[in-house]
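Undergrad: For reference, the structure I am asking about is given below.
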Amino acid sequence: MHQLFVFSGCTYLHLGLCEALAGDDVQVIRVKTAEEVLEYPEGTGNRLLLVDAPKREPIVAARGKVFLWRWASIGGRHRNFPVLMYSDIGQGMAVYGAYSLSEQLSVSGLRAAILNAFKWPERFRRTACGGVPELSVRQHQVLFATLAGLSVRTTARMLDVHERLVLSTRTAVIDKLGLKNRVVLMSLNLKDFI
(Lines of atoms letter the chains of each structure in order from A and count residues from 1; the text may use other names and numbers.)
(Lines give C-alpha, C1' and ligand atoms only; values in the text may rest on other atoms or scores of the structure.)
Protein backbone atom coordinates (compact mmCIF):
# COMPACT_ATOMS: atom_id res chain seq x y z
CA MET A 1 0.00 0.00 0.00
CA HIS A 2 1.27 3.47 -0.96
CA GLN A 3 1.58 6.18 1.69
CA LEU A 4 0.53 9.77 1.02
CA PHE A 5 1.61 12.16 3.77
CA VAL A 6 -0.44 15.35 3.72
CA PHE A 7 0.54 18.57 5.45
CA SER A 8 -2.47 20.86 5.31
CA GLY A 9 -4.47 23.02 7.65
CA CYS A 10 -7.54 22.24 5.58
CA THR A 11 -9.60 19.33 6.88
CA TYR A 12 -11.62 19.34 3.66
CA LEU A 13 -8.51 18.70 1.56
CA HIS A 14 -7.55 15.75 3.76
CA LEU A 15 -11.06 14.26 3.73
CA GLY A 16 -11.37 14.89 -0.01
CA LEU A 17 -8.11 13.06 -0.68
CA CYS A 18 -9.22 10.15 1.52
CA GLU A 19 -12.45 9.92 -0.47
CA ALA A 20 -10.85 10.40 -3.90
CA LEU A 21 -8.14 7.79 -3.26
CA ALA A 22 -10.32 5.32 -1.34
CA GLY A 23 -10.21 2.59 -3.98
CA ASP A 24 -6.59 3.09 -5.03
CA ASP A 25 -4.56 1.23 -2.39
CA VAL A 26 -3.33 4.52 -0.91
CA GLN A 27 -3.10 5.30 2.79
CA VAL A 28 -3.64 9.04 3.36
CA ILE A 29 -1.79 10.17 6.50
CA ARG A 30 -2.18 13.68 7.86
CA VAL A 31 0.99 15.04 9.47
CA LYS A 32 1.67 18.14 11.54
CA THR A 33 5.47 18.05 11.62
CA ALA A 34 8.19 16.99 9.21
CA GLU A 35 9.56 14.58 11.80
CA GLU A 36 6.29 12.61 11.79
CA VAL A 37 6.91 11.61 8.17
CA LEU A 38 10.30 10.11 8.97
CA GLU A 39 9.03 8.36 12.12
CA TYR A 40 6.08 6.70 10.39
CA PRO A 41 6.66 3.00 9.62
CA GLU A 42 7.26 2.34 5.95
CA GLY A 43 4.66 0.47 3.94
CA THR A 44 5.18 -1.84 0.99
CA GLY A 45 4.48 0.77 -1.69
CA ASN A 46 5.90 4.16 -2.54
CA ARG A 47 5.80 7.20 -0.29
CA LEU A 48 4.80 10.72 -1.24
CA LEU A 49 4.56 14.03 0.60
CA LEU A 50 1.92 16.63 -0.33
CA VAL A 51 2.31 20.10 1.17
CA ASP A 52 -0.59 22.53 0.89
CA ALA A 53 0.42 26.19 0.57
CA PRO A 54 -2.37 28.18 -1.11
CA LYS A 55 -1.17 31.43 -2.62
CA ARG A 56 -4.36 33.32 -1.67
CA GLU A 57 -3.90 32.46 2.02
CA PRO A 58 -0.49 33.86 3.04
CA ILE A 59 -0.58 32.50 6.60
CA VAL A 60 -1.40 28.96 5.48
CA ALA A 61 1.20 29.26 2.71
CA ALA A 62 3.76 30.40 5.28
CA ARG A 63 3.06 27.30 7.38
CA GLY A 64 3.63 25.17 4.27
CA LYS A 65 6.94 26.91 3.59
CA VAL A 66 8.04 26.49 7.20
CA PHE A 67 7.10 22.80 6.99
CA LEU A 68 9.27 22.42 3.86
CA TRP A 69 12.10 24.29 5.56
CA ARG A 70 11.86 21.91 8.53
CA TRP A 71 11.68 18.95 6.12
CA ALA A 72 14.85 20.07 4.38
CA SER A 73 16.59 20.91 7.68
CA ILE A 74 16.15 17.36 9.03
CA GLY A 75 17.44 15.84 5.79
CA GLY A 76 14.06 15.01 4.29
CA ARG A 77 14.87 16.47 0.90
CA HIS A 78 17.45 13.74 0.42
CA ARG A 79 14.88 10.99 0.97
CA ASN A 80 13.93 8.87 -1.97
CA PHE A 81 10.35 10.04 -2.38
CA PRO A 82 8.80 13.03 -4.13
CA VAL A 83 7.48 16.15 -2.47
CA LEU A 84 4.47 17.74 -4.15
CA MET A 85 3.71 21.37 -3.39
CA TYR A 86 0.01 22.06 -3.89
CA SER A 87 0.47 25.74 -4.56
CA ASP A 88 0.72 28.42 -7.22
CA ILE A 89 3.52 30.21 -5.38
CA GLY A 90 6.39 28.56 -7.25
CA GLN A 91 9.14 30.95 -6.15
CA GLY A 92 11.68 29.57 -3.72
CA MET A 93 10.58 25.93 -3.96
CA ALA A 94 13.68 24.81 -5.87
CA VAL A 95 15.68 24.89 -2.63
CA TYR A 96 13.45 22.14 -1.24
CA GLY A 97 13.17 19.98 -4.36
CA ALA A 98 9.38 20.31 -4.40
CA TYR A 99 7.34 19.57 -7.51
CA SER A 100 4.65 22.21 -7.95
CA LEU A 101 1.01 21.26 -8.56
CA SER A 102 -1.41 24.03 -9.49
CA GLU A 103 -4.10 24.97 -6.99
CA GLN A 104 -6.45 25.15 -9.97
CA LEU A 105 -6.39 21.37 -10.47
CA SER A 106 -9.75 19.68 -10.23
CA VAL A 107 -10.21 16.82 -7.77
CA SER A 108 -9.79 14.31 -10.59
CA GLY A 109 -6.68 16.17 -11.82
CA LEU A 110 -5.13 16.17 -8.35
CA ARG A 111 -5.98 12.48 -7.93
CA ALA A 112 -4.40 11.68 -11.31
CA ALA A 113 -1.23 13.65 -10.45
CA ILE A 114 -0.88 11.85 -7.12
CA LEU A 115 -1.40 8.42 -8.69
CA ASN A 116 1.12 9.26 -11.43
CA ALA A 117 3.63 10.31 -8.76
CA PHE A 118 3.16 6.93 -7.08
CA LYS A 119 3.48 5.10 -10.39
CA TRP A 120 6.49 7.06 -11.70
CA PRO A 121 8.13 8.72 -8.67
CA GLU A 122 11.31 9.52 -10.60
CA ARG A 123 9.32 11.93 -12.81
CA PHE A 124 8.15 13.90 -9.80
CA ARG A 125 11.42 14.05 -7.88
CA ARG A 126 13.18 17.36 -8.11
CA THR A 127 16.80 17.84 -7.24
CA ALA A 128 17.10 20.45 -4.55
CA CYS A 129 19.32 23.29 -5.69
CA GLY A 130 21.40 25.15 -3.19
CA GLY A 131 21.74 24.55 0.48
CA VAL A 132 19.04 24.72 3.07
CA PRO A 133 18.98 28.18 4.60
CA GLU A 134 20.15 27.53 8.15
CA LEU A 135 19.39 29.87 11.00
CA SER A 136 22.16 31.00 13.32
CA VAL A 137 21.79 30.83 17.10
CA ARG A 138 20.97 34.56 17.21
CA GLN A 139 18.39 34.14 14.43
CA HIS A 140 16.73 31.31 16.36
CA GLN A 141 16.62 33.48 19.48
CA VAL A 142 15.00 36.38 17.62
CA LEU A 143 12.60 34.03 15.84
CA PHE A 144 11.37 32.44 19.06
CA ALA A 145 11.14 35.81 20.80
CA THR A 146 9.05 37.13 17.90
CA LEU A 147 6.81 34.07 17.96
CA ALA A 148 6.41 34.48 21.72
CA GLY A 149 5.10 38.00 21.07
CA LEU A 150 7.99 39.89 22.63
CA SER A 151 8.62 43.42 21.40
CA VAL A 152 11.82 44.44 19.63
CA ARG A 153 12.85 46.47 22.69
CA THR A 154 12.26 43.52 25.07
CA THR A 155 14.08 41.12 22.75
CA ALA A 156 17.04 43.49 22.45
CA ARG A 157 17.21 43.87 26.23
CA MET A 158 16.95 40.11 26.74
CA LEU A 159 19.74 39.38 24.23
CA ASP A 160 21.80 42.40 25.31
CA VAL A 161 22.00 43.80 21.77
CA HIS A 162 20.84 46.93 19.99
CA GLU A 163 17.27 47.10 18.66
CA ARG A 164 18.57 47.57 15.10
CA LEU A 165 20.32 44.22 15.33
CA VAL A 166 17.05 42.57 16.34
CA LEU A 167 15.27 44.17 13.36
CA SER A 168 17.97 43.16 10.87
CA THR A 169 18.11 39.65 12.30
CA ARG A 170 14.35 39.31 12.00
CA THR A 171 14.56 40.47 8.37
CA ALA A 172 17.19 37.80 7.69
CA VAL A 173 14.93 35.15 9.26
CA ILE A 174 12.01 36.25 7.06
CA ASP A 175 14.22 36.02 3.96
CA LYS A 176 15.66 32.62 4.87
CA LEU A 177 12.24 31.12 5.53
CA GLY A 178 10.85 32.58 2.31
CA LEU A 179 8.09 34.50 4.08
CA LYS A 180 6.51 37.66 2.72
CA ASN A 181 6.88 40.00 5.65
CA ARG A 182 6.90 40.49 9.40
CA VAL A 183 3.12 40.18 9.67
CA VAL A 184 3.20 36.69 8.14
CA LEU A 185 6.04 35.69 10.48
CA MET A 186 4.14 36.94 13.51
CA SER A 187 1.02 35.04 12.45
CA LEU A 188 2.84 31.75 12.89
CA ASN A 189 2.99 29.86 16.17
CA LEU A 190 5.84 28.26 18.07
CA LYS A 191 4.31 24.86 17.24
CA ASP A 192 5.11 25.51 13.55
CA PHE A 193 8.80 25.44 14.44
CA ILE A 194 8.98 22.84 17.19
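Each residue of the sequence shown is one higher than the last, beginning at 24 in our numbering. From the three backbone atoms N, C-alpha and C, an ideal C-beta is built for every residue, glycine too. All values reported here derive from a predicted model rather than from experimental measurement.
When you compare only the Cα positions, how much space is there between residue 34 and residue 184?
TA: One C-alpha to the other measures close to 43 Å.
Undergrad: Quick check on DSSP: helix, strand or coil for residue 71?
TA: Correct three-state label for residue 71: strand.
Undergrad: Measuring CB to CB, does residue 158 end up less than 8 Å from residue 106?
TA: Contact: no.
Undergrad: Give me the Cβ distance between residue 108 and residue 74, rounded to the nearest whole Å; I'm assuming they're in contact under 8 Å.
TA: Right, the Cβ-Cβ distance comes to about 5 Å (below 8 Å), so this counts as a contact.
Undergrad: Would DSSP call residue 176 helix, strand or coil?
TA: The answer is helix: DSSP assigns residue 176 an H, G or I state.
Undergrad: On a CA-only basis, which of 43, 175 and 26 is nearest residue 129? Give me that one, please.
TA: The shortest C-alpha separation from residue 129 is found at 43.
Undergrad: Considering only the alpha carbon of each residue, which of 64, 79 and 127 lies closest to residue 50?
TA: It is 64.
Undergrad: Using the beta-carbon count (16 or more within 10 Å), is residue 206 buried or exposed?
TA: Label assigned to residue 206: exposed.
Undergrad: Quick check: what's the CA-CA separation for residue 61 versus residue 83?
TA: Rounded to whole angstroms, residue 61 to residue 83 spans 22 Å at the Cα level.
Undergrad: Return helix, strand or coil for residue 24, following the three-state DSSP convention.
TA: Note: residue 24 maps to coil in three-state DSSP.
Undergrad: Below 8 Å on the Cβ atoms is my contact criterion, and I expect residue 78 with residue 202 to pass it. Report the Cβ-Cβ distance as a whole number of Å.
TA: Between residue 202 and residue 78 the Cβ distance is about 14 Å, and since that is not below 8 Å, they are no contact.
Undergrad: Pick from 41, 111 and 131: whose alpha carbon is nearest that of residue 81?
TA: Checked all of 41, 111 and 131; the closest Cα to residue 81 is 111.
Undergrad: Within 10 Å of its beta-carbon, does residue 165 have 16 or more other beta-carbons around it, so buried, or fewer, so exposed?
TA: With 16 or more Cβ atoms within 10 Å of its Cβ, residue 165 is classed as buried.
Undergrad: Let me know the secondary structure DSSP gives residue 141 once reduced to three states.
TA: Correct three-state label for residue 141: helix.
Undergrad: Reducing DSSP to helix, strand and coil, say where residue 158 ends up.
TA: Here residue 158 sits in coil by DSSP.
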